[in-house]
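S.K.: The sequence shown begins at 1 in the working numbering and counts up by one. Take a look at the following structure, please.
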Amino acid sequence: MVDQKLGFCTTADGVRICYATVGEGPPLVKAPNWLTHLEYEWQSPIWSHWWVELASHHTVIRFDQRGSGLSDRNVADLSFDAWVSDLEAVVEALQLESFVLLGMSQGGSVAIEYTARHP
Numbered sequence: 001m002v003d004q005k006l007g008f009c010t011t012a013d014g015v016r017i018c019y020a021t022v023g024e025g026p027p028l029v030k031a032p033n034w035l036t037h038l039e040y041e042w043q044s045p046i047w048s049h050w051w052v053e054l055a056s057h058h059t060v061i062r063f064d065q066r067g068s069g070l071s072d073r074n075v076a077d078l079s080f081d082a083w084v085s086d087l088e089a090v091v092e093a094l095q096l097e098s099f100v101l102l103g104m105s106q107g108g109s110v111a112i113e114y115t116a117r118h119p
């Protein structure tokens, strides 16, 4: 299995967000769904095969939203707008101009709101 690379960025309100990149090709950003942990999810028998397959054709970018995983956990703002801000911070840190945005479960609403704000 290929290795993911971890990086960090900071949101406008000072929250440190951990993101992972793996693969080569057009960028595909996954909006987090519920609680995540980049390292555990990468090794999970439920998720790992998805990321490996997607990474064979894309640069897959995932991140732990505020309050979970490797991102800052003790944060004051856990609102929907803050989750969208987390996605904005990752996109800005990686200087992405065009990318596929994948949203499942809770991540679906975050992806829709991000798309509405950044047509």
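For glycine and all other residues, C-beta sits at the position ideal for the given N, C-alpha and C.
Does the region 41-49 come close enough to the region 90-101 that 3 or more CB-CB pairs lie under 8 Å?
M.R.: The region 90-101 and the region 41-49 do not touch, with fewer than 3 CB-CB distances between them shorter than 8 Å.
S.K.: Out of 53, 114, 72 and 96, which one is the CA nearest neighbour of residue 18?
M.R.: Distance from the Cα of residue 18 is smallest, within the candidate group 53, 114, 72 and 96, for 72.
S.K.: With distance defined between alpha-carbon atoms, name the residue in 52, 6 and 11 nearest to residue 23.
M.R.: 52
S.K.: So, is the C-beta of residue 118 closer than 8 Å to a C-beta in chain C?
M.R.: Considering every chain present, this structure includes no chain C. It has just one protein chain.
S.K.: Relative to the C-alpha of residue 32, which candidate in 56, 116, 74 and 82 has its C-alpha closest?
M.R.: 82
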